[in-house]
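S.K.:
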Amino acid sequence: WLMKNVGACIPLSTGLFFSPICPLPVKQTIVFGKPLEFEMKEKGSPTAAELDAAHEMFCKALTELFDENKARLGYQHRQLQIL
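Those letters in the sequence shown? Residues 13 to 95, by this note's numbering.
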């Protein structure tokens, strides 16, 4: 009802002690890589080949970012699998 009438959705979640405002205490690590630039002949409407090239570039950059940081974060024996 809310999404249909207001155009917004409120995600429901529970955290610590089933509280919706207190997240579970889970350690998270975020790493950032260099920005990627994708080329398109016509801005806003990429071709299938351009999408495939962008996807390949993104997967390669993501794998490199994982490999650069995995030993430092304790995942040296893991391999990233993109399904």
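We put the CB at the ideal spot given by N, CA and C, even for glycine. Nothing here was measured: the structure is a model prediction, and the numbers come from that model.
Indicate whether LEU85 and GLY45 have their beta-carbon atoms separated by less than 9 Å.
M.R.: Contact flag unset, no.
S.K.: Select from ALA83, LEU48, LEU74 the residue whose C-alpha is nearest the C-alpha of LEU95.
M.R.: Here the closest residue by C-alpha is LEU74.
S.K.: Alpha carbon to alpha carbon, how far is THR41 from GLU28? Give it in angstroms, no decimals.
M.R.: Reading off the sequence shown, one finds Leu at residue 28, where the question assumed Glu. Taking the straight line joining both Cα atoms gives about 20 Å.
S.K.: Going by DSSP in three states, PHE78 sits in which element: helix, strand or coil?
M.R.: Three-state DSSP puts PHE78 in a helix.
S.K.: Indicate the three-state DSSP secondary structure (helix, strand or coil) for MET69 in the structure shown.
M.R.: Looking at MET69 - three-state DSSP - the assignment turns out to be helix.
S.K.: Rounded C-beta distance between PHE70 and LEU92? I'm assuming under 8 Å.
M.R.: That belief does not hold up - the Cβ atoms of PHE70 and LEU92 are roughly 13 Å apart, past 8 Å.
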